[in-house]
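Take a look at the structure below.
Protein chains: 2
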Amino acid sequence: MSGKVRDKKENCFLIFAPKNDHYKQMLTNISRPTLLVNENQCRSNIQSMLTKATTNGAVFRPHFKTHQSGLIGKWFADAGIKAITVSSVKMATYFATHGWKDITIAFPVNLRELDAIDQLACRVRLQLVVDDEQVFEQIGQQVKNACEFMIKIDVGYQRAGIPMENAEAIASLAARIQNSKQHKLRGLLTHAGQNYRAGGGISQVEATTRIAGEKMQALRHVIGRSDLVLSWGDTPSCSMLNHIPYFDEWRPGNFVFYDVMQYHIGSCQFSDIAVAMACPVVSVYPERGELLMYGGSVHFSGDYIAGDNNFRLYGYVVPLTENGWGQPLPSAYVASLSQEHGIVRMSQAQLKFYKPGDLIGILPIHSCLTADAVEKMQSTTGFLIPKM
Amino acid sequence: MSGKVRDKKENCFLIFAPKNDHYKQMLTNISRPTLLVNENQCRSNIQSMLTKATTNGAVFRPHFKTHQSGLIGKWFADAGIKAITVSSVKMATYFATHGWKDITIAFPVNLRELDAIDQLACRVRLQLVVDDEQVFEQIGQQVKNACEFMIKIDVGYQRAGIPMENAEAIASLAARIQNSKQHKLRGLLTHAGQNYRAGGGISQVEATTRIAGEKMQALRHVIGRSDLVLSWGDTPSCSMLNHIPYFDEWRPGNFVFYDVMQYHIGSCQFSDIAVAMACPVVSVYPERGELLMYGGSVHFSGDYIAGDNNFRLYGYVVPLTENGWGQPLPSAYVASLSQEHGIVRMSQAQLKFYKPGDLIGILPIHSCLTADAVEKMQSTTGFLIPKM
Chain A
0 MSGKVRDKKE
10 NCFLIFAPKN
20 DHYKQMLTNI
30 SRPTLLVNEN
40 QCRSNIQSML
50 TKATTNGAVF
60 RPHFKTHQSG
70 LIGKWFADAG
80 IKAITVSSVK
90 MATYFATHGW
100 KDITIAFPVN
110 LRELDAIDQL
120 ACRVRLQLVV
130 DDEQVFEQIG
140 QQVKNACEFM
150 IKIDVGYQRA
160 GIPMENAEAI
170 ASLAARIQNS
180 KQHKLRGLLT
190 HAGQNYRAGG
200 GISQVEATTR
210 IAGEKMQALR
220 HVIGRSDLVL
230 SWGDTPSCSM
240 LNHIPYFDEW
250 RPGNFVFYDV
260 MQYHIGSCQF
270 SDIAVAMACP
280 VVSVYPERGE
290 LLMYGGSVHF
300 SGDYIAGDNN
310 FRLYGYVVPL
320 TENGWGQPLP
330 SAYVASLSQE
340 HGIVRMSQAQ
350 LKFYKPGDLI
360 GILPIHSCLT
370 ADAVEKMQST
380 TGFLIPKM
Chain B
0 MSGKVRDKKE
10 NCFLIFAPKN
20 DHYKQMLTNI
30 SRPTLLVNEN
40 QCRSNIQSML
50 TKATTNGAVF
60 RPHFKTHQSG
70 LIGKWFADAG
80 IKAITVSSVK
90 MATYFATHGW
100 KDITIAFPVN
110 LRELDAIDQL
120 ACRVRLQLVV
130 DDEQVFEQIG
140 QQVKNACEFM
150 IKIDVGYQRA
160 GIPMENAEAI
170 ASLAARIQNS
180 KQHKLRGLLT
190 HAGQNYRAGG
200 GISQVEATTR
210 IAGEKMQALR
220 HVIGRSDLVL
230 SWGDTPSCSM
240 LNHIPYFDEW
250 RPGNFVFYDV
260 MQYHIGSCQF
270 SDIAVAMACP
280 VVSVYPERGE
290 LLMYGGSVHF
300 SGDYIAGDNN
310 FRLYGYVVPL
320 TENGWGQPLP
330 SAYVASLSQE
340 HGIVRMSQAQ
350 LKFYKPGDLI
360 GILPIHSCLT
370 ADAVEKMQST
380 TGFLIPKM
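Quick mapping for you: the protein sequence lines, in order, are chains A and B. Okay, so the first sequence: first residue is 0 according to numbering that gives the first Met the number 0, each after it adds one. Okay, so the second sequence: first residue is 0 according to numbering that gives the first Met the number 0, each after it adds one.
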């Protein structure tokens, strides 16, 4: 691909030099916090998850809220993926513009966006999520273009959906949708967000997944539609478990990048993490064992991992290399973030390697929020990755 | 002002109707999380803080990172303010474009932005912050247009700056700057961020302020320059204390909006808070005593106030009224935020007033981060407030 511009629509610079000089040049030019993206690792993460979903008999419908990038979407398309998940009407519209024709908006329908939804439903195969009969009634009256509906099932996360135990309400909503002339009931959808805080590790994730899977299969029988699609998809369960035989569709999103949170949950190794922030070092304080970087909560989001004695971990430090970055430096971490400031703590011996004007690499705690917050994403092969 | 377009440059809709019909119409048109801004309350907060700074013999140089809006900047200009503070070179450039001529970038100089700094210094009176002699040396070599320098003093927050006890290092950096031909030493600058977490209340804030003030006055003598400007400015101390006789300049920022965090610290009353988020109600769960709103950490930031037993407060609920919003509803609050979802907890009696498709008003925990994160700000008189 050397010397070729691959995609003019994406408005990104895609000339690859064999020795990765573009990446070196790009690092030199970074002046503000920038998210570095390892394309090869992303493609590998995509392929692994696709293989795993397929092996488990599920269609892979990845969540695109993690990257929000038309270009990264193409890496999924290159792997043969045709259907996607997003979290907002705006995001659905963006990816429709990038050529995606089969889109699930995995957020309960917001009645204030029905016009935009109707316009979108005219362009793509659109799946909407509902958990309320009155809401469906209003959609039925206002959205004229055909949509497919997924009933949101709450499998214990208690964020959105009808509780899985409430078969009566689920069946009643299903009947209401099936009575519609223009809209169809496609399936049941859930997000087991409790798997993100699974203190019990893999056995707890396994139990949550099994209980949810069996219950949703039973609900299919209650509704009397064996063809209903059962849609599942949090990155921890899809990463940690080898055998998930209950669902027809997987919708994980975070796995394309992974992050420190997923590492701590047990979903990935450090080497699977496909993003790192590059932040300018602004000042070094050897007497405190700390340095100040330009990179705060408006770039990383404020997410952290809490430990005993008020310990907070906002990210790990990685050395930036010619081809990307290396493994985390032992005992070095981001200790606090305010609006634009980040404080990195490390040994005095490690601090000697940093001076103002350098870049420091940071593995983020939560890659979805970091990718959302950051101004710029850059590939480790040197090109700009445009985002929504 | 009825029927007049006030400012074409701002690209905002400024026709005021006597009955505030534009606000009602604007609320009707809101489809995504939107920050409502009460212009009168902002102007009142600006006037109060200006009066207080003046009474204390200080020049008011407000921090604009809170609002990041050219239009809100004009409300400060209307009050007679001529000098401002920002937190990044990008923000300085934005406000220079909006006509500000005297700007302090209150973040230690990032050596990777010297070209942009040099360009800016050619257009405005620019104050830069430094805490490292080597950094100043490089600035001296590369920035040709004259700048003024503030030495960053760490008065105990341990984020940036030379510790106030280290008079030797401070004097040495001062001498280095004073040796420069093109640049000038203007003063000493600090941010007592510890006042944001002052568990000891007003007496602790008073002690921090007094110790910092006396120490910085002493440092002025060590350097031998009685004309050095001592620059101060966190919203808690500037709001809570009536008498701050130590400093020549105040730089608070948050006070223009205030927020729930400042209310809890004791800096403001609820009625002083000049912003509220308007979020679409998406689903109501009476059996859980909760509702789901469209509004998550990508809109609010993830900041919260922690209590015992894992209690977390992500915002208070306010009724939206014809002219803005009312006082917080008792016992109603935002209990959790994920990427786009917000869970609001309230009594079943309160929940009866909300249905999907309504808007719910939320007082944010941290207005600076919310204003940074949100897509849109709208005035309670009905016009769009453009931001950076």
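C-beta atoms are modelled at their ideal positions from N, C-alpha and C, and glycine is treated no differently. Note that the structure is a prediction, hence the values are computed from the model and not measured.
Assuming A:Phe148 is part of the alpha helix (DSSP H), what are its boundary residues?
In the first sequence, residue 148 of chain A corresponds to position 149, counting from 1. Premise fails: A:Phe148 lies in the beta strand (DSSP E), Glu147 to Asp153, not in any alpha helix (DSSP H).
So that I know if they touch, is there some Cβ in chain B lying closer than 7 Å to that of A:Asp131?
In the first sequence, residue 131 of chain A corresponds to position 132, counting from 1. Chain B, which has a Cβ nearer than 7 Å to the Cβ of A:Asp131, makes this yes.
DSSP three-state label for A:Phe394, please.
Any property of residue 394 of chain A remains undetermined from this structure, which presents chain A solely from 0 to 387.
A:Pro385 versus A:Leu70 - alpha carbon distance
The residue labelled residue 385 of chain A in the question sits at position 386 within the first sequence. The residue labelled residue 70 of chain A in the question sits at position 71 within the first sequence. In a straight line, the C-alpha of A:Pro385 is about 7 Å away from that of A:Leu70.
Would you list, in chain order, the members of the segment 329 to 353 of chain A that have their beta-carbon closer than 8 Å to a beta-carbon of chain B?
Ser335, Ser337, Gln338, Glu339, His340 and Ile342
Length of the line joining the Cα atoms of B:Ser302 and B:Val316
Start at 1 with the first residue of the second sequence, and residue 302 of chain B comes out as number 303. Start at 1 with the first residue of the second sequence, and residue 316 of chain B comes out as number 317. A small correction: the amino acid at residue 302 of chain B is Asp; Ser does not occupy that position in the sequence shown. So the two alpha carbons sit approximately 16 Å from each other.
If the cut is a Cβ gap below 7 Å, which residues of chain B does A:Val281 touch?
Against the first sequence, residue 281 of chain A aligns to sequence position 282. Chain-order list of chain B residues neighbouring A:Val281: Pro107 and Asn109, by C-beta distance under 7 Å.
Counting C-beta neighbours from all protein chains within 10 Å, is the total for B:Asn241 16 or more, i.e. buried, or is it exposed?
Locating residue 241 of chain B in the second sequence gives position 242, where the first residue counts as 1. Exposed, because fewer than 16 other Cβ atoms sit within 10 Å of the Cβ of B:Asn241.
Please go through the same chain and pick out, in chain order, the residues whose beta-carbon is closer than 7 Å to the beta-carbon of A:Val204, but skip the five residues on each side of it.
As a first step, residue 204 of chain A must be located in the first sequence, where it is residue number 205. For A:Val204, where only same-chain residues beyond five positions count, the Cβ hits under 7 Å are Asn194, Ala197, Pro235, Ser236, Met239 and Leu240.
How many angstroms separate the CA atom of B:Arg389 from the CA atom of B:Met215?
The requested residue 389 of chain B is not part of the displayed model; chain B covers only 0 to 387.
Just to confirm the assignment: which complete alpha helix (DSSP H) runs, minimum length 4, are found wholly within the segment 200 to 244 of chain A?
200 to 222 and 234 to 239
Host beta strand (DSSP E) of A:Tyr313 (start-end):
For the purposes of this step, residue 313 of chain A is identified with residue 314 of the first sequence, where counting begins at 1. No beta strand (DSSP E) contains A:Tyr313, which DSSP labels as neither H nor E.
Answer with yes or no whether the minimum CB distance from A:Ile384 to chain B is below 7 Å.
Start at 1 with the first residue of the first sequence, and residue 384 of chain A comes out as number 385. It does not; no Cβ of chain B falls within 7 Å.
List the residues of chain B whose Cβ lies closer than 7 Å to the Cβ of A:Cys367, in chain order.
Locating residue 367 of chain A in the first sequence gives position 368, counting from the first residue. For A:Cys367, the chain B residues whose C-beta falls within less than 7 Å of its own C-beta are Gln338, listed in chain order.
Any chance you could list the alpha helix (DSSP H) runs of at least 4 consecutive residues sitting entirely within the segment 22 to 71 of chain A, in chain order?
38 to 54
Evaluate contact between the segment 330 to 342 of chain A and the segment 241 to 253 of chain A, counting only Cβ atoms and requiring at least three cross-stretch pairs below 8 Å.
By the criterion of at least three beta-carbon pairs nearer than 8 Å, the segment 330 to 342 of chain A is not in contact with the segment 241 to 253 of chain A.
Within 9 Å of chain B by C-beta, residues of the segment 232 to 253 of chain A in sequence order
Residues of the segment 232 to 253 of chain A with a C-beta less than 9 Å from any C-beta of chain B: none at all.
Partners in chain B for A:Pro285, counting only beta-carbon separations shorter than 7 Å:
Locating residue 285 of chain A in the first sequence gives position 286, where the first residue counts as 1. Near A:Pro285 there are no residues of chain B at all, since even the closest Cβ is about 11 Å away, more than 7 Å.
Taking 7 Å as the threshold (C-beta atoms), are B:Ile45 and B:Ala78 in contact?
What you label residue 78 of chain B is simply residue 79 of the second sequence in a count that begins at 1. What you label residue 45 of chain B is simply residue 46 of the second sequence in a count that begins at 1. The answer is yes: Cβ separation under 7 Å.
Does any CB atom of chain B fall closer than 7 Å to the CB of A:Asp271?
As a working note, residue 271 of chain A is residue 272 in the first sequence. Chain B, which has no Cβ nearer than 7 Å to the Cβ of A:Asp271, makes this no.
Report yes if the C-beta distance between A:Ile272 and A:Gly314 is below 7 Å; otherwise report no.
Residue 272 of chain A sits at position 273 when you count from the first residue of the first sequence. Residue 314 of chain A sits at position 315 when you count from the first residue of the first sequence. The answer is no: Cβ separation not under 7 Å.
Once DSSP output is grouped into helix, strand and coil, what is the label at A:Met387?
Residue mapping note: residue 387 of chain A aligns to position 388 of the first sequence, counting from 1. Reduced to three states, the DSSP call for A:Met387 is coil.
Could you check where the beta strand (DSSP E) with B:Ala331 kicks off and where it finishes?
Taking the second sequence and counting its residues from 1, one reaches residue 331 of chain B at position 332. Element bounds for B:Ala331: n/a, residue is neither H nor E.
Can you pull the chain B residues whose beta carbon is under 9 Å from the beta carbon of A:Tyr293, in chain order?
Position 294 of the first sequence, counted from the start, is the residue given in the question as residue 293 of chain A. Neighbours of A:Tyr293 on chain B, chain order: Ser87, Phe106, Pro107, Asn109, Arg111 and Glu112.
For A:Val129 versus A:Phe106, is the C-beta distance shorter than 7 Å?
Looking up residue 129 of chain A in the first sequence gives position 130. Looking up residue 106 of chain A in the first sequence gives position 107. The Cβ atoms of A:Val129 and A:Phe106 lie no closer than 7 Å to each other.
Any beta carbon of chain B sitting closer than 7 Å to that of A:Val373?
Counting from 1 along the first sequence, the entry for residue 373 of chain A is found at position 374. No - not a single Cβ of chain B is within 7 Å of the one on A:Val373.
Which of the three DSSP states, helix, strand or coil, is assigned to A:Phe12?
To locate residue 12 of chain A, count along the first sequence from 1; it is residue 13. For A:Phe12, the predicted model reports a pLDDT of 32, less than 50, meaning its position is unreliable and no value from the coordinates is stated.
So does the segment 74 to 94 of chain B actually touch the segment 131 to 143 of chain B, counting three or more Cβ pairs closer than 8 Å?
no
Assign B:Met163 to one of three DSSP states: helix, strand, or coil.
For the purposes of this step, residue 163 of chain B is taken as the residue at position 164 of the second sequence. Look at B:Met163 here: in three-state DSSP terms it is coil, with no helix or strand label.
Let me check understanding here. Comparing Cα to Cα, which of B:Leu113, B:Phe256, B:Gly232 and B:Asp226 lies closest to B:Val134?
For the purposes of this step, residue 134 of chain B is taken as residue 135 along the second sequence, with counting starting at 1. Per the Cα distances, B:Leu113.
Okay, do the segment 289 to 300 of chain B and the segment 334 to 349 of chain B touch, 3+ Cβ pairs below 8 Å being the bar?
yes
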